Amino acid sequence: MMMQCKEHLTVEGLQKIINIRASINKGLSPLLREAFPNTAATSRPSLPLDNTKLHPQWVAGFTSGDGCFKVSIRESKLCKAGGRVVLVFVLTQHSRDEFLLNSLVNFFGCGQTFNYKDYVEFRCQSFKKNYENILPFFYKYPILGVKAQYFRDWTKVAEMIQTKVHLTKEGLDQIRQIRVGMNKGRYEKTANTVPGVI
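For the sequence shown, full-length UniProt numbering gives the first residue as 1, with consecutive numbering after it.
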């Protein structure tokens, strides 16, 4: 709207835009703070959320952007295969969005939230809840983008756990291979196999 009215072409209009930017995420970079010393972050209204109104497709999109599907292997000599496999589903946001992440506990019917210095994390690491609640949800409301690949890998590991393949050394080794290609590992793996990519 401001740009349609060409307000951004005036000093006052540009300052309004910078004030809005200052209220988003981590605010202004040091360079912008120095360039615009009179910036006053626009106040953001605090809106209570009703978790019954979270739209499933919105949650899927939110997860596509900010979610993480992890496979954790906790090495243990007590386990016959050599380690314990844990599936973890995580969503992380700035601490000001704590209410939203708390509402996901009710929305999914599982998981819990953890507060850290300046962020909040929704986490589900119960295999049963991930398999019965999280997995079917994302089958019905698919993840889009690059996270769809991570979800497919996570699903493969979930099926291996469900069929007890993870209890064998061979199965655990297969899960380790899948895990190497997940999240940042996928890019590192690609960089090492594509000529000219460092």
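Cβ atoms here follow ideal geometry from the backbone N, Cα and C, with glycine treated the same way.
Note that the coordinates shown come from a computational prediction; the quantities given were computed from them, not determined experimentally.
Practice task
Starting from the Cα of Pro136, find the closest Cα among Pro56, Val86, Gly13, Gln177 and give me that residue.
Solution key: Taking the sequence shown and counting its residues from 1, the one referred to as residue 136 is at position 136. Ranking the options by Cα distance to Pro136, first place goes to Pro56.
Exercise for the section: For Ile24, name the three-state secondary structure that DSSP assigns. Expected result: Looking up residue 24 in the sequence shown gives position 24. In this structure, Ile24 counts as coil in the three-state DSSP scheme.
Practice task
Could you check what DSSP says for Tyr139 in three-state terms: helix, strand or coil?
Solution key: To locate residue 139, count along the sequence shown from 1; it is residue 139. In the displayed model, Tyr139 falls within a helix according to three-state DSSP.
Exercise for the section: Measure how close the beta-carbons of Val71 and Val157 come, nearest whole angstrom, since I'm counting them as under 8 Å. Expected result: Translated into positions along the sequence shown, residue 71 becomes position 71. Translated into positions along the sequence shown, residue 157 becomes position 157. Yes, they are in contact, since the Cβ atoms of Val71 and Val157 sit about 5 Å apart, within 8 Å.
Exercise for the section: With DSSP as the reference, please indicate the residues paired to Cys124 in a beta bridge. Expected result: Numbered from its first residue, the sequence shown carries residue 124 at position 124. Phe89, per the DSSP bridge assignment.
Practice task
Report the three-state DSSP secondary structure of Ser72 (helix, strand or coil).
Solution key: By 1-based counting over the sequence shown, the position of residue 72 is 72. Reduced to three states, the DSSP call for Ser72 is strand.
Practice task
For the alpha helix (DSSP H) holding residue 199, just list the boundary residues, first then last.
Solution key: As shown, the chain starts at 1 and ends at 198. That puts residue 199 outside it, with no answer to give.
Exercise for the section: Could you tell me whether the Cβ atoms of Cys68 and Val90 are closer together than 7 Å? Expected result: On the sequence shown, position 68 is the one that residue 68 refers to. On the sequence shown, position 90 is the one that residue 90 refers to. Yes, these two residues count as a Cβ contact at 7 Å.
Exercise for the section: In the DSSP assignment, find the unbroken alpha helix (DSSP H) run with Asn106 in it and report its ends. Expected result: Locating residue 106 in the sequence shown gives position 106, counting from the first residue. Segment 98-108, the alpha helix (DSSP H) holding Asn106.
Exercise for the section: Apply the 10 Å Cβ neighbour rule to Asn183 and answer buried if 16 or more other Cβ atoms are within range, or exposed otherwise. Expected result: Sequence index remark: in the sequence shown, residue 183 carries index 183 (1-based). Residue burial is scored here from C-beta neighbours: Asn183 has at least 16 other C-beta atoms within 10 angstroms and is therefore classed as buried.
Problem - Coarse secondary structure for Asn115, derived from DSSP in three states - result: Translated into positions along the sequence shown, residue 115 becomes position 115. For Asn115, the secondary structure class from DSSP, reduced to helix, strand or coil, is strand.
Problem - Cutoff 6 Å; reference Lys129; Cβ partners in own chain excluding five residues on either side - result: As a working note, residue 129 is residue 129 in the sequence shown. Excluding residues within five positions, the ones whose Cβ falls inside 6 Å are Cys110.
Exercise for the section: Measure the C-alpha to C-alpha separation of Val59 and Phe107 and round it to an integer number of angstroms. Expected result: By 1-based counting over the sequence shown, the position of residue 59 is 59. By 1-based counting over the sequence shown, the position of residue 107 is 107. C-alpha separation (whole angstroms): 9 Å.
Exercise for the section: Look at Glu121 and Phe114 and say whether their C-beta atoms are less than 7 Å apart. Expected result: Counting from 1 along the sequence shown, the entry for residue 121 is found at position 121. Counting from 1 along the sequence shown, the entry for residue 114 is found at position 114. Cβ atoms of Glu121 and Phe114: closer than 7 Å.
Practice task
Count the other CB atoms, across all protein chains shown, that sit within 10 Å of the CB of Gly65; report buried if there are 16 or more and exposed otherwise.
Solution key: As a working note, residue 65 is residue 65 in the sequence shown. With fewer than 16 Cβ atoms within 10 Å of its Cβ, Gly65 is classed as exposed.
Problem - Phe62: first and last residue of the uninterrupted alpha helix (DSSP H) it sits in - result: Numbered from its first residue, the sequence shown carries residue 62 at position 62. 56-66 is the extent of the alpha helix (DSSP H) around Phe62.
Practice task
May I have the straight-line CA-CA distance separating Gln4 from Gly13, to the nearest angstrom?
Solution key: Residue numbering aside, residue 4 sits at position 4 when the sequence shown is read from its first letter. Residue numbering aside, residue 13 sits at position 13 when the sequence shown is read from its first letter. Cα to Cα, Gln4 sits roughly 12 Å from Gly13.
Handout entry: Gly171 to Cys79 span [Cα, whole Å]
Key = Numbered from its first residue, the sequence shown carries residue 171 at position 171. Numbered from its first residue, the sequence shown carries residue 79 at position 79. Each residue's alpha carbon lies about 13 Å from the other.
Exercise for the section: Pull up the distance between the alpha-carbon of Arg179 and that of Gln149, whole angstroms please. Expected result: Here residue 179 refers to the residue found at position 179 when the sequence shown is read from its first residue. Here residue 149 refers to the residue found at position 149 when the sequence shown is read from its first residue. Spanning the two alpha carbons is a distance of roughly 12 Å.
Practice task
Classify Gly171 as helix, strand or coil using the three-state DSSP reduction.
Solution key: In the sequence shown, counting from the first residue as 1, residue 171 sits at position 171. Here Gly171 sits in helix by DSSP.
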